[in-house]
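In the order they appear, the protein sequences are chains A and B.
Residue numbering for the first sequence follows our numbering, starting at 2 and increasing by one per position.
Residue numbering for the second sequence follows our numbering, starting at 6 and increasing by one per position.
Here a beta-carbon is modelled for each residue, glycine too, at the ideal position from N, C-alpha and C.
Written below as structure tokens is the structure these notes are about.
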Amino acid sequence: MIKNARRLTAIDDEAARRGLRVGLSLSDSRARVPDLEVMDNDEAADRALLNDIARWCDRYTPLVALDGKDGLFLDITGCAHLFDGEDMLAKDCIKRLIHQGFAARSAIAPTAVAAHALCRYSDQHSLELGEEKAALSPLPLSALGLDGECVLGLERTGIKTIGELESLPRAPLTTRFGETPLVKLDEALGKLERPLNPLRPAPLVMAERRFPEPLLRDEDIFIVVEILCRSLSQSLEARGEGARQVAALLFRTDGHVIDIPFGISQPERDPKKLMTLFRHAFERKGSSVDAGFGFDLIRLSAHSTGKYEQEQTSFSGDDAVQSDTSHLIDRLSIRLGSAAVERLVPQNSPVPQRAQIRYSALAIAQMPADQLQWERHEKAAEPLNRPVTLFEEPERIEVLADIPDGPPIRFRWRRVLYDVKRAEGPERIRQPWWSGTRLSDGGRTRDYYRLEDENGRRFWAFRDGLYETAEAHKPPAWYLCGLFV
Amino acid sequence: MKPHAAEKRAFAVNCETAKSLERQTLLESLQRDIAMIEGRLSEKVRLDLPTHLKGEYPSHSYPRPREEGAQSVVPIVSAINPQANLDFEGEANKILPFTFGSHKLDQIFLDGSHQFCGLFEAFGKESREAGTLSGFAHGLLAAFLTRADGDILWVQDQGFTREAGVLYGPGLAQFGLNPARLLIVSVSRAQDALWVMEEGLATQGIIAVCGAFSAHLKADLTATRRLSLRAHRQKKPALLLRLGASCPPTAARARAHISPASSAVLGGYEQGVGRPVYRVCFDKLKGHPPTDFHLEWRHEDIRFTPAATHTRALASTPFNGSRSEAEMGAVLAFGSRAKTTGKFRYAS
């Protein structure tokens, strides 16, 4: 609803021919064209669609930026030679977009603002360096991308075209209308640099292949990716680096793009290893890799690199491929998810549940070694007082015990009754004063007991809170939190 | 007479004695280190050691600090040949071959050249005995780790995590297994489980693989055959723990049934929860009849020992008066009951 009436925000060619305009109210439009088809404006969907098209335009250049709500900027510096020239690139892009069902126009210019102006307000398709002034002069002011108020203000003073704006002295304009009009003018004419804000960061190293005949089978994709791994490895070698984050982009002919990223703990550039990691990532994607009508462009890019250290090869002479532990961690993390492969890192905390953290093995590849060391101070006659396994959530048990701090005599866990034959404890562990009394925060002061039943099963149970300090009618609860072995 | 020359000669003589002394202290410290790794060091000598040598793991990541006077030589046990017999010049202390601490276990798990390799299985009858089952495996791996350099891949599925919980570092450290040398993988799909174990065996830095699974795992003869072949080829041990499963035939070299047993007295405190004790029954051994024995874990030596037969006075009789669970796996036609050790007698 704009100005209390439902208005048209976008029209197609047929509607334009029948006399409708953007901004016309819906009732007026219906009056002129009775059989008008109307759809509600869905900005979120439009934005998503524009993002998808931007993703697809990645095939031409990695620097793609949004231009308002219905346009894209593509920075094709240095990419044009791959497509036999800039004009061919633009034609190819527009042709494919039209095939996909969009109405599209394009323009090429040395600056982004000039391209924006030409594309929307002029019939000219391309502009060389030095011709901007001549081409842009007859265009109206809104072509510069200024907002409506600014344009209205300038028009009231009689400035209607870019040429007129350019010919006026700058200081009075700035005092009256602010900096924006002149900044935009300078950007259009190339006197000021305005870098694009690309949607995705450009990859550091890239290798790609285009196919006139789209690929459909998985085996073909693997063959191509293997070739790309080799050429990526060569580029990385030239830079003296290894890749840390790699993404394989598969561009379908119908515009959809499939992104298969994978991360590597130690920088890697061996093509065989990159290939195995890609295979695992591809298999993990599984059925969601739908080739559609085929892929006509496959690109392998490294988004993050690091210094590459030569590893020692093994001389064991074994037939089977002997990889090292970090490569194993990479393969397992890609196949099962990085949370599935863990190492235990000690923490200095008296609270037992916080005495260790389970880190994903990929994440701790960069941690210094002394943080990962465990210490052991056992003497012979001391019993083990920490369980070997711990439940993530302590399990509630029903207990018969002596008050105030006797160990459990009998308890029921998971619906089975256990008679305690031997018990040791209590080990009283206070929670930090800042933790709450809920179990998830750490609970109250706890008494931990080591219990053994008649068959020799050993448990670690605690009472959450003390009988003396408990409120009436709410005796402290007992929990089982770990198993001894 | 030139005092200068006399001094020089005296100095030279002193240097020689100093060097031989140095060599001797070096030898002694080396022997002491090796004896400690073996677990042969007597309590008294151990207590005399400086603190930084007492309780540390023979860590492979950094060299341990030495006492003053000795050169810093770290006895790195190579993973390529962990059973190397190093001979000192004329000393009686030879490095003994690797042992788990119990002769019966050594007979079963170690092959002719005292290598621990191949696929082994351990079953726990009830799913609530997950702690006992994994404890036995932890014991085997901890003993193995004292002799070899590398990491252990521990694979656990969701069923096992539900029964037993997640591994707890401080407890493992007390038990004797260095948590920094564990790489823990949780699998959610059954088909990934054995694949992860195979990948671990093929990795250079992993010296043992252990999989702890609940009954859902499909590990039959064909599935485990590859695992067994790879374990043999790589000369690494692979342990397969199955909780609450029926026992299908597999390609494992030996199969154990682990059940919990009353703990052994520690420190003279009869009422206390003492050393962990396991009851181990082997029922698939080439050329051996099924055996059944009790093992005790000594965490300070990082070794098993045969559990001593002793009575433990109990406060009251068991809950419903039943004495023990059914014998597991052992066919009693051979009268093997008479051969078992470590039977506990309940005070009435």
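- When only Cα atoms are considered, W375 (chain A) and L177 (chain B) end up about 10 angstroms apart.
- Shown here, G293 (chain A) sits in coil according to DSSP, grouped into three states, outside any helix or strand.
- When the beta-carbon positions are compared, G155 (chain B) and R308 (chain B) stay at least 8 angstroms from each other.
- Of the residues A:P409, A:L467 and A:N52, the one whose Cα lies closest to the Cα of H257 (chain A) is A:N52.
- By the 16-neighbour rule on beta-carbons within 10 angstroms, D71 (chain A) is exposed.
- In the three-state reduction of the DSSP assignment, E472 (chain A) falls in the coil class, being assigned neither a helical nor a strand state.
- Against chain B, the beta carbon of D325 (chain A) has neighbours under 7 angstroms at T208, Q209 and G210, listed in chain order.
- No residue range can be given for Y173 (chain B), since it is assigned to no beta strand (DSSP E) and is classified by DSSP as neither H nor E.
- Closest option to A312 (chain B), judged by alpha-carbon separation, among B:D306, B:P294, B:S267 and B:D116: B:S267.
- Your pair T151 (chain B) and I39 (chain B) does not check out as a contact, with CB atoms roughly 11 angstroms apart and the cut at 8 angstroms.
- In the same chain as G279 (chain B), and ignoring 5 residues on each side of it, the C-beta atoms closer than 7 angstroms to its own belong to S268, A269, V270 and L271, in chain order.
- Distance from R133 (chain B) to E168 (chain B) at the Cβ level is roughly 7 angstroms; contact confirmed, criterion being Cβ atoms closer than 8 angstroms.
- Taking a 10 Å sphere around the C-beta of F294 (chain A), we find fewer than 16 other C-beta atoms and assign the residue as exposed.
- In this structure, the alpha-carbon of I404 (chain A) lies about 24 angstroms from that of R415 (chain A).
- The C-beta separation of V192 (chain B) from L337 (chain A) comes to about 6 angstroms, placing the pair in contact by the 8 angstroms criterion.
- For S118 (chain B), no CB of chain A lies under 8 angstroms from its own CB, so it is not counted at the interface with that chain.
- Nearest CB-CB separation between W375 (chain A) and chain B: below the 8 angstroms threshold.
- P254 (chain B) has a beta carbon lying at 8 angstroms or more from every beta carbon in chain A.
- For F218 (chain B), DSSP records a beta bridge to B:R247.
- Looking only at B:L234, B:S34 and B:K240, the smallest Cα-Cα distance to L199 (chain B) is reached by B:L234.
- The count of Cβ pairs closer than 8 angstroms, one atom from the region 126-141 of chain B and one from the region 252-259 of chain B, reaches three, so the stretches are in contact.
- The closest CA to that of I365 (chain A), considering only A:D325, A:L345 and A:I3, is found on A:L345.
- A Cβ-Cβ distance of about 12 angstroms is found for the pair I212 (chain B) and L187 (chain B), leaving them out of contact under the 8 angstroms criterion.
- In terms of Cα proximity to A239 (chain A), the closest of A:F252, A:K273, A:L190 and A:K308 is A:K308.
- A straight-line Cα-Cα distance of about 23 angstroms links L137 (chain A) and G86 (chain A).
- At a C-beta separation below 7 angstroms, E425 (chain A) has these neighbours in chain B: G277 and V278.
- Note on geometry: alpha-carbon atoms of D111 (chain B) and I330 (chain A) lie some 32 angstroms from one another.
- Taking a C-beta distance under 8 angstroms as the contact criterion, V285 (chain B) and F298 (chain B) qualify as a contact pair.
- For a Cβ distance threshold of 8 angstroms, nothing in chain B lies close to V400 (chain A): the least Cβ distance comes to about 15 angstroms.
- In this structure, A:I54 is the residue among A:D88, A:I54 and A:E129 with its C-alpha nearest to the C-alpha of A104 (chain A).
- DSSP links P265 (chain B) through a beta bridge to B:Y283.
- The way I'd put it, the region 270-290 of chain A does touch the region 230-250 of chain A; three or more beta-carbon pairs between them come closer than 8 angstroms.
- For the region 169-186 of chain B, residues whose beta-carbon sits nearer than 7 angstroms to a beta-carbon of chain A comprise A169, G170, V171, L172, Y173, G174, P175, G176, L177, A178, Q179, F180, N183, P184 and A185.
- Look at the region 160-240 of chain A and you find these whole runs of beta strand (DSSP E), each 3 residues long or longer: 206-216.
- Here DSSP, grouped into helix, strand and coil, assigns A135 (chain A) to helix.
- Taking the Cα positions, L172 (chain B) is about 40 angstroms away from L233 (chain A).
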